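Oh and the sequence shown: position 105 is 105 in this note's numbering, straight run, nothing missing. Just so you know, even glycine gets a beta-carbon here, dropped at the ideal spot from N, CA and C. For clarity, every value in this text was computed on a predicted model and none was experimentally measured. What follows is a single structure, written as structure tokens, with notes after it.
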Amino acid sequence: MDTKRIAGEKAVEYITDGMTVGLGTGSTVYWTIKKLGELVKAGLSIKAIPTSNHTEILARKLNIPLSNFDEIKELDITIDGADEIDAKYNLIKGGGGALLREKLVAISSKQLVIVADETKVVETLGKFPLPIEVVPFAWQRTAKEITQQLKVLPKLRSVQNEPYITDNGNFILDCNVSDIHAPAVLHQSLKQVTGVIDTGLFPNMANVVIIGLSDGVQVIEKV
Ligand code: 5RP
Numbered sequence: 001m002d003t004k005r006i007a008g009e010k011a012v013e014y015i016t017d018g019m020t021v022g023l024g025t026g027s028t029v030y031w032t033i034k035k036l037g038e039l040v041k042a043g044l045s046i047k048a049i050p051t052s053n054h055t056e057i058l059a060r061k062l063n064i065p066l067s068n069f070d071e072i073k074e075l076d077i078t079i080d081g082a083d084e085i086d087a088k089y090n091l092i093k094g095g096g097g098a099l100l101r102e103k104l105v106a107i108s109s110k111q112l113v114i115v116a117d118e119t120k121v122v123e124t125l126g127k128f129p130l131p132i133e134v135v136p137f138a139w140q141r142t143a144k145e146i147t148q149q150l151k152v153l154p155k156l157r158s159v160q161n162e163p164y165i166t167d168n169g170n171f172i173l174d175c176n177v178s179d180i181h182a183p184a185v186l187h188q189s190l191k192q193v194t195g196v197i198d199t200g201l202f203p204n205m206a207n208v209v210i211i212g213l214s215d216g217v218q219v220i221e222k223v
């Protein structure tokens, strides 16, 4: 079976009746959301907040009841994917462009469960280009400051030769940083740059990591 599917479907075991749930974005958590749709149809009662327009459309299609931060102050759990995961529960996210809402939902949750296939597990973060969400106005200046800090040239994410626009109306700069040994420190210093909204670094944020393997599933719980 598809290793993303194995991980994604396993995560629903962490969701119980009455929970408020953050729904991540991507092709792995897709399987979690699909399974949740089946469970809701069978009677499971949850309220969910999606992390992207894409996930919202999927959840609506599956009749998963949705809510918002007017109604929900704290989520019980969020299930989401990741682009890289290290042994210290640090993550790179944002490959799908949803990093800002993903982070807002994750920090509003008691528990963050990450679902991924084994290719996402790394010793040191940084092979995957680090996505940074920036304000479109003067993005060139913001990119220059990031260049000075990271000593790499950020690449403006684009689709069909046009800048990729996030659900929040912003741009994304992808940065080939390589070997991020202190993700929390790097994240904090990038946040100081005017024009940067947030980074795809999620330092020490996962509580549970579920890895889909070709011969099963590995569940790692932070103690
Ligand atoms: C979107 C994300 C995704 O969770 C991440 O890119 C992993 O996606 P996939 O499960 O499709 O590999 O951070 O912004």
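| Query | Result |
| --- | --- |
| Straight-line Cα distance separating V21 from L44 | 12 angstroms |
| Cβ distance (whole Å) where I172 is taken to contact E145 below 8 angstroms | Not quite, the Cβ-Cβ distance comes to about 16 angstroms (not below 8 angstroms), so this is no contact. |
| Closest by C-alpha distance to E71, when choosing among R60, A48 and S189 | A48 |
| DSSP beta-bridge partners of T199 | I132 |
| Within 5 angstroms of the ligand 5RP: residues by beta-carbon to any heavy atom | T25, G26, S27, T28, G81, D83, K93, G94, G95, G96 and A98 |
| Inter-residue spacing [alpha-carbon to alpha-carbon] between I211 and K120 | 9 angstroms |
| Segment contact, 8 angstroms Cβ cut-off, at least three pairs: the stretch 121–131 with the stretch 165–181 | yes |
| Nearest-angstrom Cα separation, counted from E123 out to V152 | 21 angstroms |
| The stretch 55–73 contacting the stretch 21–41, beta-carbon criterion three pairs below 8 angstroms | yes |
| Nearest candidate by alpha-carbon position, reference K73, set I92, Y30 and I107 | I107 |
| Residues near I197 in its chain [Cβ-Cβ closer than 7 angstroms; skip 5 each side] | L100, E133, V134, V135 and N170 |
| Straight-line gap, W139 to P154 (C-alpha atoms, nearest Å) | 11 angstroms |
| Proximity winner among S67, D215, T194 and K10, relative to K19 (alpha-carbon distances) | Strictly speaking, residue 19 in this sequence is Met, with Lys absent from that position. Looking at the Cα atoms, S67 is the closest of the given residues. |
| Anticipated Cβ contact below 8 angstroms, I114 with A82, distance rounded | 5 angstroms |
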